[in-house]
Amino acid sequence: MTPRRTTLAAPSTITFLMVLAAFTLAVTVMSEGIGQGVVSTSFVKTLGKTMCLALAAVAMDLVWGYTGILSLGHFAFFGLGGYMIGMWLMYARTELIVLASLSDSTIPATASEITDAVGTQIFGVVGSAEFPMIWAFADNLVLQLLLVVLVPGLLAGVFGWLAFRSRVTGVYLSILTQAMTLALALYLFQNDSGLRGNNGLSGLQNLPGLGHVSQDIVSLWFLWASALALGLGYLFCASLVSGKFGSVIRAIRDNEARIRFLGYSVEGYKLVVFVTTAMICGLAGALYYPQAGIINPAEVAPIASIYLAVWVAIGGRGRLYGAAVGAVFVSLVSTWFTGGQAPDISLGFYTVQWVDWWTILLGLSFVLVTLFAPKGLGGLVDVLNRRSDPK
Amino acid sequence: MKTLLEVSGVSVSFDGFRAINNLSFQIGSAELRAIIGPNGAGKTTFMDIVTGKTRPDAGRVIWGDKSVSLLGLSEAQIARAGVGRKFQRPTVFEDQTVRDNLILALKKPRDAWSAILFRASKADLGRVEELASEIGLWERLDDPSGALSHGQKQWLEIGMLLAQDPQLLLVDEPAAGMTPAEREQTTKILVEAAKTRAVVVVEHDMEFVRRLNCKVTVLHEGAVLAEGSLDHVTSNQEVIDVYLGR
Chain C
1 MTPRRTTLAA PSTITFLMVL AAFTLAVTVM SEGIGQGVVS TSFVKTLGKT
51 MCLALAAVAM DLVWGYTGIL SLGHFAFFGL GGYMIGMWLM YARTELIVLA
101 SLSDSTIPAT ASEITDAVGT QIFGVVGSAE FPMIWAFADN LVLQLLLVVL
151 VPGLLAGVFG WLAFRSRVTG VYLSILTQAM TLALALYLFQ NDSGLRGNNG
201 LSGLQNLPGL GHVSQDIVSL WFLWASALAL GLGYLFCASL VSGKFGSVIR
251 AIRDNEARIR FLGYSVEGYK LVVFVTTAMI CGLAGALYYP QAGIINPAEV
301 APIASIYLAV WVAIGGRGRL YGAAVGAVFV SLVSTWFTGG QAPDISLGFY
351 TVQWVDWWTI LLGLSFVLVT LFAPKGLGGL VDVLNRRSDP K
Chain W
1 MKTLLEVSGV SVSFDGFRAI NNLSFQIGSA ELRAIIGPNG AGKTTFMDIV
51 TGKTRPDAGR VIWGDKSVSL LGLSEAQIAR AGVGRKFQRP TVFEDQTVRD
101 NLILALKKPR DAWSAILFRA SKADLGRVEE LASEIGLWER LDDPSGALSH
151 GQKQWLEIGM LLAQDPQLLL VDEPAAGMTP AEREQTTKIL VEAAKTRAVV
201 VVEHDMEFVR RLNCKVTVLH EGAVLAEGSL DHVTSNQEVI DVYLGR
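Same order as they appear, the protein sequences are chains C and W. For the first sequence, the positions run 1 to 391 when this note's numbering is used. For the second sequence, the positions run 1 to 246 when this note's numbering is used.
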């Protein structure tokens, strides 16, 4: 009898973690911060951000590829995680600036004067100086870090509980998740949302109290943190899907009614997956936005969540490394095309400018992959395996 | 004999059509029963009501020693209470192995946390192998169940039901699409299972019902038309008129 495969022994998991470690090390060695300086700091940040996107894609694969819930709202959870850490970063840094400017005055400033000054600094842009309720913990890093996972988790929990309990499935659920995302984005766009409206939170790349450390070094810290989060997140998801839990959620994906008659509470399992993946996305977002430097409501727009699904589809649903590869591949190619590096094609009467045409190319490849290669890029691995191991 | 399931005065209609009409039905705790009836007699709807898929408009469904009403419970809760169901078309989880399908069905705590922590013990794997030999799939334990033949899928589903260890087994047309040899094996499994639990078989095929050699309930227009041995019901004039005569 063959023993059941354990997570750590699964070849794809080991390969993935080793590639990730080797890649991170290589980038470090070539970085401007402590290495050869071949890879620019801004590209190190791009790579670190890409790892965060890959982590969100792995979570998306768990919820869509394995459980069959096509959520078009997971990027909202990603953005919420970013906002939560952004609040602390902005508050703590502004406080330091305010303290420095007040230190020259003859009379020491009172605590309320400091708070007022910080409030004016942060909210002046939306014509306010008061701290909204939701900033209550912004001065506490530990609490704000907890909120990074708790806020997306709570939103996913309430939303999921209502939706799954009413047995909303398939395309209807997808539409509901889009509606949730749109509602959140529209709310954040308002000036009185308490999160600076469409200005968003900015200056997030500057770590409070570490202003003297150059961005060359900070970018590497975040690269390592992102790689660690991706590695651990991958391992966590891989261990979830390899055991009986994975068996149950794939059964839910394939035949929800049948697994119900085996005595499993479909709603409960869906809720666990939905909330867990929302938390993972929140964490990924919290690592992403300090590298991006700014978060604004446009980040949470419905299209972002659709992109997440497109990455997973192109990479290959139902295999975690496929999702990660899809996210890395598509987002890097996207950066290349939209960054103006791709050469425009002149047709004489018309010039194809990739900045505009890239989304069309992406949409087309999504349609083609869905129609002709439903296994996505991950399907290539199957082809290679079959070649090397003819049975 | 103790009553395991008691259905009394149950009615349900869909858009004005009365699928079940004041139906009453009882089954003991270790009994094999066949339900026959023409198309539209309400056989499948009856199973839907017992398993919680359909809520009746009126009537009671009482279960077990503690006389619990099944009507307020969800499908999953009813399944956990000890009602197992096999569908007409075999529905197994095709991209998972025969072993994983059986492990899914094994009688274990069903909550998410238990599933995350679950590690199959020696006893569990032993039970799975035992079931697999019983349904003739021992050699295919590590194959994806999608690769099985139609008859083998039917058996795997029966095996999953046995793994669930329910007190009541509801089986919808188990012999459909099976070869004569496969039917014989199916009969054996069902008769054996009925020694320790209640088994209700819905079947069209008279020959198969005869082989089960058990009490038969004839349904017609959502109500019980006749009940007794197969010979008894087939000699009933009403039964002949509505069902056998056609």
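In this text, a Cβ means the ideal position worked out from N, Cα and C, and glycines have one as well.
On the criterion of 16 or more Cβ atoms from any shown chain inside 10 Å, does residue i qualify as buried, or is it exposed?
i      : result
W:G28  : exposed
C:W135 : buried
W:E203 : buried
C:M1   : No answer about C:M1 holds up, because its pLDDT of 39 lies below 50 and its placement is not dependable.
W:N213 : exposed
W:N39  : exposed
W:E238 : exposed
W:D95  : exposed
W:G126 : exposed
W:Q154 : buried
C:E130 : exposed
W:A119 : The residue asked about is misnamed: residue 119 of chain W is Arg in this sequence, not Ala. So W:R119 ends up on the exposed side.
C:D61  : buried
C:S214 : exposed
W:E311 : Because chain W in this structure spans residues 1 to 246, residue 311 of chain W falls outside the shown range and cannot be described.
W:M47  : buried
C:N385 : exposed
C:T6   : Per-residue confidence for C:T6 stands at a pLDDT of 49, beneath the threshold of 50, marking its modelled position as unreliable; no derived number is given.
W:R55  : exposed
Is residue i near the ligand GDP, in the sense that its beta carbon is under 7 Å from a heavy atom of that ligand?
i     : result
W:F17 : The ligand GDP is not among the ligands present in this structure, which contains no ligands whatsoever.
List the residues of chain W that residue i touches, going by C-beta distances under 7 Å, in chain order.
i      : result
C:F43  : Simply none; closest approach about 39 Å.
C:V272 : A112
From this set, the options, which residue's C-alpha is nearest residue i's C-alpha?
i      : options                        : result
W:P166 : W:H220, W:S149, W:D172, W:A193 : W:A193
C:S202 : C:T370, C:I85, C:L184, C:S388  : C:I85
C:T169 : C:G194, C:S193, C:I107, C:E256 : C:E256
C:Y83  : C:V58, C:A100, C:A57, C:F137   : C:F137
C:K375 : C:D216, C:G73, C:G318, C:T351  : C:G318
C:V44  : C:D254, C:T106, C:A227, C:F236 : C:A227
W:A81  : W:L71, W:F87, W:P90            : W:L71
W:Q26  : W:R55, W:T45, W:V50, W:K188    : W:V50
C:S239 : W:E94, W:V128, W:L117          : W:L117
C:T359 : C:F349, C:Y289, C:I306, C:V325 : C:I306
C:Q291 : C:S42, C:V158, C:G37           : C:S42
W:G159 : W:S67, W:K122, W:W138          : W:W138
W:T179 : W:E134, W:S149, W:T45          : W:S149
W:L36  : W:D241, W:D205, W:R211         : It is Ile, not Leu, that sits at residue 36 of chain W in the sequence shown. Of the listed residues, the one whose Cα sits closest to W:I36 is W:D205.
W:T97  : C:L89, C:F23, C:A251, C:S166   : C:A251
C:L141 : C:A117, C:P208, C:S247         : C:P208
Against residue i, what residues of chain C qualify as contacts under a CB-to-CB distance less than 9 Å, listed in chain order?
i      : result
W:L104 : K244, S247, V248, A251, I259, L262, Y264
W:T44  : Simply none; closest approach about 13 Å.
W:I116 : S239, L240, G243, K244, F245, V272
W:A76  : I259, R260, F261, L262, G263, Y264, S265, V266, E267, G268
W:K96  : Correcting the residue identity first, residue 96 of chain W is Gln in this sequence and not Lys. Under the 9 Å cutoff, chain C gives S247, R250, A251, D254.
W:Q26  : Going along chain C, no residue has its Cβ under 9 Å from W:Q26, so there is no contact; the nearest lies around 22 Å.
List, in chain order, every chain W residue whose beta-carbon is nearer than 8 Å to that of residue i.
i      : result
C:N255 : T91, F93
C:G268 : D111, A112
Since residue i meets chain C, which of its residues come closer than 8 Å, beta carbon to beta carbon?
i      : result
W:R85  : F261
W:D231 : Simply none; closest approach about 34 Å.
W:S167 : Reading off the sequence shown, one finds Gln at residue 167 of chain W, where the question assumed Ser. Chain C residues near W:Q167: none, gap ~13 Å exceeds 8 Å.
W:Q164 : L262, G263
W:D100 : S247
Could you list which residues in chain C have their beta carbon closer than 7 Å to that of residue i, in chain order?
i     : result
W:T51 : F261
W:V80 : According to the sequence as given, residue 80 of chain W is Arg; it is not Val. By Cβ distance, chain C contributes G263.
Item to check | the stretch 329-347 of chain C contacting the stretch 13-31 of chain W, beta-carbon criterion three pairs below 8 Å | outcome: no
Checklist entry - Where in the stretch 152-176 of chain W do unbroken runs of the beta strand (DSSP E), each at least 3 residues long, occur, reported from the N-terminal end onward? => result 168-172
Checklist entry - Which ranges does the alpha helix (DSSP H) cover as unbroken runs of at least 4 residues, wholly within the stretch 27-73 of chain C, from first to last along the chain? => result 41-60
Item to check | Those runs of the alpha helix (DSSP H) which lie wholly inside the stretch 67-110 of chain C and span at least 4 residues | outcome: 74-102
Item to check | Inter-stretch contact (C-beta, 8 Å, three-pair minimum) for the stretch 281-299 of chain C and the stretch 146-164 of chain C | outcome: yes
Next on the checklist: Quick check on the DSSP output: what are the complete alpha helix (DSSP H) runs of length 4 or more inside the stretch 112-191 of chain C, in order along the chain?
Outcome noted: 141-165, 170-189
Item to check | Contiguous alpha helix (DSSP H) assignments of at least 4 residues, all confined to the stretch 259-314 of chain C | outcome: 266-292
Item to check | Minimum length 4: unbroken alpha helix (DSSP H) runs contained in the stretch 188-242 of chain C | outcome: 215-242
Checklist entry - Does the count of Cβ pairs from the stretch 111-127 of chain C and the stretch 45-60 of chain C closer than 8 Å reach three? => result no
Next on the checklist: Between the stretch 190-202 of chain C and the stretch 93-111 of chain C, can you find at least three pairs of beta-carbon atoms closer than 8 Å?
Outcome noted: no
Item to check | Three-pair Cβ contact test at 8 Å for the stretch 99-106 of chain C versus the stretch 182-190 of chain C | outcome: no
Item to check | Within the stretch 21-71 of chain W, ranges of the beta strand (DSSP E) (whole runs, at least 3 residues) | outcome: 32-36, 58-63
Next on the checklist: Count Cβ pairs between the stretch 209-218 of chain C and the stretch 246-261 of chain C that sit closer than 8 Å; are there 3 or more?
Outcome noted: no
Checklist entry - Fully enclosed by the stretch 318-383 of chain C, which beta strand (DSSP E) runs are 3 residues long or longer? => result none
Checklist entry - Would the stretch 216-235 of chain W and the stretch 58-69 of chain W be scored as touching if the rule is three or more Cβ pairs under 8 Å? => result no
Next on the checklist: Using 8 Å as the cut-off, can you tell me whether the stretch 64-73 of chain C makes contact with the stretch 297-306 of chain C, which would need three or more C-beta pairs spanning the two stretches below that distance?
Outcome noted: yes
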